[in-house]
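Structure first, then comments.
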Amino acid sequence: MLEYVLRRIVATIPVLLLVAIIVFSLLYLAPGDPAAVLAGDQASAEEIARIRSSLGLDQSFLQRFLQWGGGVLRGDLGQSVFSGRPVTSLIAQRLEPTIALTVLSLLVALLIAIPLGVLAAWKPGSWLDRGAMGFAVLGFSVPVFVLSYCLILLLAVALPVLPVQGYKPLMDGIGPFLRHMILPAFALGVLNAALIARTTRAAMLEVLRQDYIRTAQAKGLPVMRVLIGHALKNAAIPIVTIIGISFAMLISGVVVTETVFNIPGVGRLTVDAILRRDYPVIQGVILLFSVAYVLLNLLIDLSYGLFDPRIRL
Amino acid sequence: MTAGVAQAMRQHRGAAVGAALLAAMALAAIAAPLIAPIDPQLIAPFDRLQDPDARYWFGTDQIGRDVFSRTVYGARVSMMVGCVVALTAIFSGLLLGLLAGFIRWVDGILMRVMDGLMAIPSILLAIALVAISGPSIRSIVIAITIAEVPRVTRLVRGQVIALRGQLFIEAATTAGTSVPVILYRHIVPNLLAPLLVQASYVFAAAVMTEAVLSFIGAGVPPETPSWGNIISEGRTVFQLAPHIVLFPSLVLSVMVLSVNILGDGLRDAFDPRFTGQP
């Protein structure tokens, strides 16, 4: 098991390094001269050159990459071109709403997708199965802002039971926090559920065909125990794998959902940075999300041992 | 292959409906100047935020432009982005996947780069690429293509490696057939069906990504009537005039849905393992 864990962790390092190189290249290739921006309109060519060398902008790609990479490892993502503040603290300030939205949407997605996928696989071809798979195709096809606006129209404008937009931190009490989170988390969660439900169904169909399921049914176990205790446990690996992959969709969904609902999270930070061409911020956010995505998938790889004892050997 | 497509249309009513809807939207995009009743850029200050009626089918936006005409012209942007990205991503992925599947040292380097690209969520990668190359349809197309190529490459490489182990390829190699001929005659024809299915999913993803990019302001220039732009502009007046957001949203969802069900139908027709019923 230890060898498996170590091998997986070591295999992640080159991927993270590649992500770092790609993300760094983006800023390296970005148009505009930060030194000229900092120096202002009145600056002479010598002044700009001086600022450039003080920022290390006259060094080679490799030198600059190593310098930047060293900073990243120490938690320094550079400074915002717009506000001059450190990117790390800009992101840290905005992290709470984003984590809240991500966790709650994932929760909504799982609560919808797992039961739906299990029941669809239990009665394949039934109206329930057809409905579930129809929902899955729809979930792939409806962009998250479309569902968000439909929900706002329904539950915040026509039937004003929930706030249209905004965010209340958890510190202000769980009630207001949840009231502001229901619509965004539901919109994002429902769409994310489509992919997970489809994979759950396929994995369950595969398992339900096995002999030990027939044995479990033959010895008179209740349906729920067979479905959950025997089948779902053995279908877990493809399901957790797709949850990891769907995290990429969830991240892009977060960027859009925060814009629709005016939630001051990392997604809004990204969108504002795009509009202001604030490249260090864009770079920092992309690096953060990509590393989170890679590490989550590493954790999922490592969790396989919990579901399938053979992997532990 | 043509037989497979025909079979998909016959056996899967969904696929036929998807194909028909897509064809209708393609026609509408081509014939946009004939269909749109009003110039999509025409500003009518006295007709701001009109509800849908006989003259303005989808209503008007905050500067009095006709939302229906803008939506019809928006189909051009989406269709163009979808088709060009699907074609370029499939061709680049095919080329890279063949290289990776046949040349060992290329495989190592290329697939690591693809792993790195795939570790960055595709919307974020596209955002970054558009941010550095400026908002234009060209940079959108390039950005979405780069984000989609790794998946196609992986698919092709996997298929090539599986095919190389098959007896008929071994026989051809033993008979002295050169690599280019094996590729052309034996490998590529076997890749066409999975690539056609993949093309439909890339098309859907490209249309969706373009809309999202335009919606968050990292897309085609704001004056271009694309669905994402129309929805983004309608965002500020959503409570007053929800029709500006809702109509293009509906059309966008229908387009992506048509492509997806068409893709699912093709997949089922080409690969019986994936049929809906067990």
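So the protein lines, in turn, are chains F and R. Note that the first sequence covers residues 400 to 712 in our numbering. Note that the second sequence covers residues 9 to 286 in our numbering. Ideal Cβ placement from N, Cα and C applies to all residues, glycine included. Predicted model only: the values in this text are computed from it and were never measured.
By the CB criterion at 9 Å, asparagine 633 of chain F and glutamine 616 of chain F fall outside the cutoff. Against chain F, a Cβ distance below 7 Å from asparagine 268 of chain R picks out Val536, Phe539 and Ser540. Chain R places no beta carbon closer than 9 Å to that of phenylalanine 460 of chain F, leaving this residue out of the contacts. Interface flag for glutamine 206 of chain R against chain F is unset, since no Cβ pair is found closer than 9 Å. For proline 197 of chain R, the secondary structure class from DSSP, reduced to helix, strand or coil, is helix.
Valine 409 of chain F and serine 482 of chain F have their alpha carbons spaced roughly 38 Å apart.
Within the stretch 619-639 of chain F, no residue places its CB atom closer than 8 Å to a CB of chain R.
Considered as a whole, the stretch 539-607 of chain F harbours 543-551 and 573-607 as its complete alpha helix (DSSP H) runs of no fewer than 4 residues, in chain order. A distance below 9 Å separates the beta carbons of isoleucine 238 of chain R and glycine 82 of chain R. CA-CA distance, valine 422 of chain F to glutamine 478 of chain F, rounds to 16 Å. Within chain R, no residue has its CB atom less than 9 Å from the CB of arginine 613 of chain F, the nearest being about 15 Å off. Under the three-state reduction of DSSP, proline 485 of chain F is assigned to strand. The DSSP-derived three-state label of glutamine 492 of chain F is helix.
Contact between alanine 647 of chain F and alanine 596 of chain F does not hold, since the beta-carbon distance rounds to 18 Å and is not under 8 Å. Spatial neighbours of valine 418 of chain F in its own chain (CB-CB distance under 8 Å, excluding positions within 5 residues in sequence) are listed in chain order as Leu686, Ser689, Val690 and Val693.
Taking a Cβ-Cβ threshold of 7 Å, the residues of chain R close to phenylalanine 688 of chain F are Pro129 and Leu132, in chain order. Assignment of glutamine 466 of chain F by DSSP, reduced to helix, strand and coil, places it in the helix class. If you draw a straight line from the Cα of leucine 668 of chain F to the Cα of arginine 484 of chain F, it is about 13 Å long. Judged by beta-carbon spacing, methionine 216 of chain R lies beyond the 9 Å limit of proline 413 of chain F, meaning their Cβ atoms are not closer than that value. In the structure shown, the three-state DSSP call for glutamine 682 of chain F is helix.
The C-beta separation of threonine 161 of chain R from leucine 104 of chain R comes to about 4 Å, placing the pair in contact by the 8 Å criterion. Each of F:Gly704, F:Asp707, F:Asp677 and F:Leu698 was checked against the Cα of valine 486 of chain F, and the nearest Cα belongs to F:Asp677. Annotation: leucine 248 of chain R to lysine 567 of chain F spans about 25 Å, alpha carbon to alpha carbon. With its beta carbon at least 9 Å from every one in chain F, glutamine 15 of chain R lies outside the interface. For aspartate 707 of chain F, the secondary structure class from DSSP, reduced to helix, strand or coil, is coil. Between alanine 52 of chain R and isoleucine 71 of chain R, the gap from beta carbon to beta carbon is short of 9 Å. Per DSSP, isoleucine 154 of chain R is one residue of the alpha helix (DSSP H) stretching across 145-172.
Where glutamine 441 of chain F is concerned, there is no enclosing alpha helix (DSSP H), because DSSP gives it neither an H nor an E.
Listed by position along chain F, the residues whose Cβ is nearer than 9 Å to that of valine 121 of chain R are Leu417 and Ile421. Ranked by how close their Cα comes to the Cα of glutamate 156 of chain R, the residues R:Ser144, R:Val210, R:Val164 and R:Asp123 have R:Val210 in first place. Taken through DSSP and simplified to helix, strand or coil, glutamine 58 of chain R comes out as coil. Counting other Cβ atoms within 10 Å of its Cβ, arginine 165 of chain R reaches 16 or more and is therefore classed as buried. Against proline 250 of chain R, the close residues of chain F are Tyr548, Leu552 and Val556, in the order they occur along the chain (beta-carbon pairs closer than 8 Å). The C-alpha of serine 130 of chain R lies about 31 Å from the C-alpha of alanine 520 of chain F. The three-state secondary structure of glutamine 49 of chain R, taken from DSSP, is coil. Contact note: aspartate 272 of chain R reaches chain F through Val536, using a C-beta cutoff of 8 Å and chain order.
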